[in-house]
Amino acid sequence: EPEVTQTPSHQVTQMGQEVILRCVPISNHLYFYWYRQILGQKVEFLVSFYNNEISEKSEIFDDQFSVERPDGSNFTLKIRSTKLEDSAMYFCASSLGQGEQFFGPGTRLTVL
Amino acid sequence: QKEVEQNSGPLSVPEGAIASLNCTYSDRGSQSFFWYRQYSGKSPELIMFIYSNGDKEDGRFTAQLNKASQYVSLLIRDSQPSDSATYLCAVILTGTASKLTFGTGTRLQVTL
Chain B
7 EPEVTQTPSH
17 QVTQMGQEVI
27 LRCVPISNHL
37 YFYWYRQILG
47 QKVEFLVSFY
57 NNEISEKSEI
67 FDDQFSVERP
77 DGSNFTLKIR
87 STKLEDSAMY
97 FCASSLGQGE
107 QFFGPGTRLT
117 VL
Chain E
113 QKEVEQNSGP
123 LSVPEGAIAS
133 LNCTYSDRGS
143 QSFFWYRQYS
153 GKSPELIMFI
163 YSNGDKEDGR
173 FTAQLNKASQ
183 YVSLLIRDSQ
193 PSDSATYLCA
203 VILTGTASKL
213 TFGTGTRLQV
223 TL
């Protein structure tokens, strides 16, 4: 069964450093998403991406964040200058249409 | 008022019983509703989606939607210890194309 994959599973970084989180969505899916979940809190939407451009973004997704689909398979989330409060689980998701979304296993980001 | 509300639980049910999980939402125009299961430390796993009023059954799971009351529920029949997890209700709100807005989740404990 096809699934969303994410790398790395755990990323530790120093405050102020740039990180890139990587995702491989399900191959025939057209919509791609990033969500995050701070420990003990609810899952929060960051951004959605369709047809090579951002279709929606939340207020969390400020100028420090960017997304890219550098090739036909990868989807990345870059955080330019990490803050302590960026520490969270980051989930990539994909969907065929604007409906059911399937989540990857997540990347745990720890900012020290 | 929170956009998507769930009782945080824990909801404790004996093995073999029916577990009933509830979710209310504030946006009357919402059309798409999803239930995800999240085991501790893992990513959300899609288990049901419902778009029309009424019941939708899939194996031991039944989703119920009442748009007039702005209420969606998930019933789990013949509950098993492996069903012990946090159940997340997610809604695509009016004015958003595919952004999932999550509730805080209800923790279900199935006891032997």
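So the protein lines, in turn, are chains B and E. Going by the working numbering, the first sequence opens with residue 7, and the numbers climb by one from there. Going by the working numbering, the second sequence opens with residue 113, and the numbers climb by one from there. Where a beta carbon is used, it is the ideal one built from N, C-alpha and C, also for glycine. Just so you know, these numbers come straight off a predicted model, no measurement behind them.
Three-state secondary structure assigned by DSSP to residue i
| i | result |
| --- | --- |
| E:Pro126 | strand |
| E:Asp167 | strand |
| E:Ser142 | coil |
| E:Leu220 | strand |
| B:Leu52 | strand |
| E:Tyr196 | A quick correction: the sequence has Ser, not Tyr, at residue 196 of chain E. Correct three-state label for E:Ser196: coil. |
| B:Glu9 | coil |
| E:Leu212 | strand |
| B:Glu91 | helix |
| B:Asn58 | coil |
| E:Glu115 | coil |
| E:Ser191 | coil |
| B:Glu33 | The question names Glu, yet the displayed sequence has Ser at residue 33 of chain B. Three-state result, B:Ser33: coil. |
| B:Ser100 | strand |
Buried or exposed by the 16-neighbour rule on C-beta atoms within 10 Å, applied to residue i
| i | result |
| --- | --- |
| E:Met160 | buried |
| E:Ser181 | exposed |
| E:Phe149 | Note that residue 149 of chain E is Arg in the sequence shown, not Phe. Buried, because 16 or more other Cβ atoms sit within 10 Å of the Cβ of E:Arg149. |
| E:Ala209 | exposed |
| E:Lys211 | buried |
| B:Leu90 | exposed |
| E:Arg140 | exposed |
| E:Arg189 | exposed |
| B:Gln43 | buried |
Opposing strand residues paired with residue i [DSSP bridges]
| i | result |
| --- | --- |
| E:Leu133 | E:Leu186 |
| E:Met160 | E:Trp147 |
| B:Thr82 | B:Arg28 and B:Glu74 |
| B:His16 | B:Arg114 |
| E:Ile204 | E:Ser144 and E:Leu212 |
| B:Lys63 | B:Val53 |
| E:Leu177 | E:Gly166 and E:Val184 |
N-terminal and C-terminal residue of the beta strand (DSSP E) that residue i is part of
| i | result |
| --- | --- |
| B:Arg42 | Tyr37 to Gln43 |
Contact with chain C by residue i, beta-carbon distance below 8 Å
| i | result |
| --- | --- |
| B:Ser101 | You won't find chain C in this structure, because its protein chains are B and E. |
Distance cut-off 7 Å: residue i Cβ against heavy atoms of the ligand GTP
| i | result |
| --- | --- |
| B:Pro111 | In terms of ligand content, the structure shown is empty, and the ligand GTP therefore cannot be addressed. |
Using Cβ-Cβ distances below 9 Å, what residues of the stretch 135-163 of chain E are close to chain B?
Ser144, Phe146, Tyr148, Gln150, Gly153, Lys154, Ser155, Pro156, Glu157, Leu158, Phe161 and Tyr163
Going along the chain, which residues of the stretch 196-217 of chain E sit with their C-beta nearer than 9 Å to a C-beta in chain B?
Here the close residues are Leu200, Ala202, Ile204, Thr208, Ala209, Ser210, Lys211, Leu212, Thr213, Phe214, Gly215, Thr216 and Gly217.
What residues in the stretch 49-75 of chain B bring their beta carbon closer than 7 Å to a beta carbon of chain E?
Val49, Phe51, Ser54, Ser61 and Glu62
Taking only beta carbons into account, state which residues of the stretch 17-32 of chain B come closer than 7 Å to chain E, listed in chain order.
Within the stretch 17-32 of chain B, no residue has a Cβ that lies closer than 7 Å to any Cβ of chain E.
Just by C-beta distance, which residues in the stretch 35-46 of chain B are closer than 7 Å to chain E?
Within the stretch 35-46 of chain B, the residues whose Cβ lies closer than 7 Å to any Cβ of chain E are, in chain order, Tyr37.
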